[in-house]
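Protein chains: 2
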Amino acid sequence: MARRSDHSREEIRHLALDAAEEIIASDGYKGLSARKIAKAIGYTVGTLYLVFKNLDDLIIQVNGRTLDNLYDWLTERHGDSMDGHQSLLSLTRAYIDYAEQESPRWNLLTDYVVENGQELPDWYEAKLGKVFGLVEHSLAECNSHHDDLTMRRAARVLWAGVNGICISKIRHRFSLAGGQSATEMAEMLIDTFLRGFSQQ
Amino acid sequence: MARRSDHSREEIRHLALDAAEEIIASDGYKGLSARKIAKAIGYTVGTLYLVFKNLDDLIIQVNGRTLDNLYDWLTERHGDSMDGHQSLLSLTRAYIDYAEQESPRWNLLTDYVVENGQELPDWYEAKLGKVFGLVEHSLAECNSHHDDLTMRRAARVLWAGVNGICISKIRHRFSLAGGQSATEMAEMLIDTFLRGFSQQ
DNA sequence: GCACTAAATTGAACAGCGTTCAATAGTGAG
DNA sequence: CTCACTATTGAACGCTGTTCAATTTAGTGC
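From first to last, the protein sequence lines are chains A and B. Here my numbering is used: the first residue of the first sequence is 3, the next is one more, and so on. Here my numbering is used: the first residue of the second sequence is 3, the next is one more, and so on.
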C-alpha cells in the first residue's frame with residue numbers, strides 16, 4: 003500500500019494532471035472522475051485530496067495547462083512575417099483548428115462556469131492574458147492609430163466574438179441559415195470588424 | 003401511491019418542466035436532478051422516465067422553454083420604432099440583461115454540449131431561428147444593400163459574437179484589460195461591425 | 001537492531017447521482 | 001365482483017465527490 007515518498011506532492015500533482023488529460027482525451031471531459039485519475043496514477047482518491055482542494059481545483063489546473071498548450075499551438079502555427087490582417091486570420095484559423103482537434107479539452111476550458119462569488123485565480127488570468135497578447139499583437143500590426151486601451155479592448159471584443167462562433171459551431175453544432183463553417187464565420191467577423199475599426 | 007390518471011403524460015411533462023425551472027432558478031443548473039424534480043411534482047423517478055427519454059431530453063426541453071422565454075423577453079423590451087442600429091443595440095442590451103438576471107437558465111442554455119454524432123432536434127433549431135430572426139430583422143433595418151444570404155450570415159456572426167462576449171463576462175467573470183462591462187464590449191462589437199458592414 | 005514518532009496513504013463510508021425494471025396498486029370493462 | 005391492463009413505484013446497480021479514522025511506512029534517537 004502506502005509508498006511514502008515515492009513521489010513528492012508536486013510529482014503527484016503532475017502525474018494526476020497528466021492522467022486527467024489522457025482521460026479527457028479518451029473519454030471526453032464528462033468522463034473525468036477522481037477515482038479514474040487515482041487508479042491511473044496508482045494512488046487512491048484520498049491522496050488526490052491532499053494535493054488538490056477538490057475536483058474543481060484540479061480542473062482549473064488542467065485548464066491552465068490547456069491554455070499553455072493552446073499558446074504553444076498558436077505560436078507554432080502562425081508566423082509573423084505577414085501583415086496584421088493576415089496574421090489575425092491565421093491566428094483565428096489556428097484557434098479553430100485547436101478547438102476542433104482538441105475538442106474535449108477545449109470544451110472543458112470553455113465549459114467551466116465560475117461559481118457565484120468566486121473568481122479565477124491570478125495565475126489563470128495571467129495565462130489567459132498571454133493568449134490574448136497574441137491577438138493584441140496581431141491587431142496592433144494592422145492598425146496603430148488607436149490608443150493602447152482601445153486596442154486592448156478591441157482585441158478582447160474580437161476574440162470573445164471568435165470564441166462565441168466556435169462555441170455555436172463546435173459545441174452546439176447547429177446549422178442555422180447560411181451554412182458557413184466556423185472558419186468562414188470567423189473570417190467574416192474579422193474582416194468586417196477590421197474594416198470598421200480602421201475607419202473610425 | 004399510484005394515482006392513476008391524475009395527470010396525463012402531457013400534464014406530467016409540464017409539471018416536470020415547471021419544477022425543473024424552479025430548481026434551476028434556486029439551486030443553479032448543476033443542482034438539477036431527476037429525484038428533485040420527481041419529489042417536487044409528487045411522483046417518483048420512474049415516472050419521469052416514462053415521459054422523458056432521459057435527463058438530457060428533459061434538459062433540451064427546458065432549454066426550449068428558455069428560448070421561448072428569451073424570445074418574449076427580447077420582444078417585450080425592445081421597441082422597433084428606432085433605426086436598425088439602435089434596434090440592434092437595444093436587442094443586445096436586452097439579451098445581456100437576460101443572461102445576467104436569468105443566469106442559471108441562461109447558463110444551462112449555453113452550457114449544453116451536443117454529444118458526438120448527435121444533433122439538436124428540429125423544433126429546437128426552429129426556436130433558435132426565431133430568436134435569430136429578431137437579429138436579422140434589426141440588421142436588415144440598418145443595412146439593406148447586401149443580399150439575403152449575406153444578411154443572414156452577418157446576423158449569425160454578430161450574434162455568436164455577442165454571445166461569446168456574454169460567456170466571457172458572465173460565465174468566466176474574468177476581467178482582463180480594459181475593464182469594460184459586457185454591454186460596453188457588445189456595443190463596441192456592434193458599432194465596429196456595422197461600420198465595416200455598411201462600407202463594403 | 002529496535003522502538004518510537006510523525007507523516008503518507010488508504011479505503012470504507014456517506015449522501016447523492018442517472019437509469020432500469022420487476023412488482024404493485026388502481027381503473028374501467030364485462 | 002372479477003379480470004385485464006397499465007400507471008406508478010421504489011429498490012437495485014454502478015457510478016459520483018468528498019471525508020477521515022485507521023493503517024502503513026520512513027526516519028530518528030537510542
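Just so it is clear, CB atoms sit at the ideal spot from N, CA and C, and this is done for glycine as well.
Cut-off 8 angstroms between Cβ atoms - residues of its own chain near residue i, not counting five sequence neighbours on either side
i: Ile26 (chain A); result: Gly33, Leu34, Val64, Pro106, Arg107, Leu110
i: Arg11 (chain A); result: Leu52, Val53
i: Tyr73 (chain A); result: Lys129, Lys132, Val133, Leu136
i: His9 (chain A); result: Leu17
i: Ile62 (chain B); result: Tyr114, Leu122, Pro123, Tyr126
i: Ala4 (chain B); result: Since pLDDT at Ala4 (chain B) reaches only 41, below the 50 mark, its modelled position is unreliable, and the value read off the structure follows with that caveat. If we look at Ala4 (chain B) and ignore the five residues flanking it on each side, it has no Cβ neighbours.
i: Glu186 (chain A); result: none
Continuous alpha helix (DSSP H) stretch holding residue i: start and end
i: Phe199 (chain B); result: 184–200
i: Asn56 (chain B); result: Unbroken run through Asn56 (chain B): none, as it is neither H nor E.
i: His87 (chain A); result: 86–103
Anticipated Cβ contact below 8 angstroms, residue i with residue j, distance rounded
i: Val164 (chain B); j: Ala188 (chain B); result: 5 angstroms
i: Gly180 (chain B); j: Arg154 (chain A); result: 5 angstroms
i: Leu141 (chain B); j: Ala157 (chain B); result: 5 angstroms
i: Thr77 (chain B); j: Phe199 (chain A); result: No, Thr77 (chain B) and Phe199 (chain A) are not in contact; Cβ-Cβ is about 31 angstroms, not under 8 angstroms.
i: Gln201 (chain B); j: Gln202 (chain A); result: The pair is not a contact, with the Cβ atoms about 11 angstroms apart (cut-off 8 angstroms).
Own chain residues within Cβ distance below 7 angstroms of residue i, not counting five before or after
i: Leu130 (chain A); result: Leu69
i: His87 (chain B); result: Cys144, Leu196
i: Val47 (chain B); result: Ala36, Arg37, Ala40
i: Ala184 (chain A); result: Ile98, Ile167, Cys168, Lys171, Ile172
i: Leu122 (chain B); result: Val116
i: Ser89 (chain B); result: His80, Asp82, Ser140, Glu143
i: Thr94 (chain A); result: Val164, Ala188, Ile192
i: Leu57 (chain B); result: Ala36
Neighbouring residues, chain B, relative to residue i (Cβ below 9 angstroms)
i: Gln182 (chain A); result: Arg155, Arg158, Val159
i: Ser170 (chain A); result: Arg158, Trp161, Ala162, Asn165, Gly166
i: Glu121 (chain A); result: Arg175, Phe176, Ser177
Residue i: CB within 7 angstroms of a non-hydrogen atom of the ligand ADP
i: Gly119 (chain A); result: The ligand ADP is absent from the structure shown, which contains no ligands of any kind.
7 angstroms Cβ cut-off: residues of chain A touching residue i
i: Arg173 (chain B); result: Val115, Val116
i: Thr194 (chain B); result: Phe195, Gly198, Phe199
i: Leu151 (chain B); result: Gly180
Cross-chain neighbours of residue i in chain B, by beta carbon under 7 angstroms
i: Leu60 (chain A); result: Under the 7 angstroms cutoff, chain B gives no residues; its nearest Cβ is about 17 angstroms from Leu60 (chain A).
i: Gln201 (chain A); result: Arg197, Gln201
i: Leu191 (chain A); result: Val159, Gly163
Neighbour list for residue i in chain A, Cβ cutoff strictly below 8 angstroms
i: Asn109 (chain B); result: Val115
i: Met187 (chain B); result: Arg155, Arg158, Val159, Ala162
Close beta carbons around residue i, own chain, < 6 angstroms, minus the five adjacent residues each side
i: Tyr45 (chain A); result: none
i: Trp75 (chain A); result: Tyr100
i: Ala21 (chain B); result: Ile39, Ala42, Ile43
i: Ala96 (chain B); result: Leu76, Arg79, His80
i: Arg15 (chain B); result: Val53
i: Met190 (chain B); result: none
Handout entry: Entirely enclosed beta strand (DSSP E) segments - the segment 14–73 of chain B, minimum 3 residues
Key = none
Problem - Runs of alpha helix (DSSP H) wholly within the segment 100–153 of chain A (minimum 4 residues, chain order) - result: 105–113, 124–144
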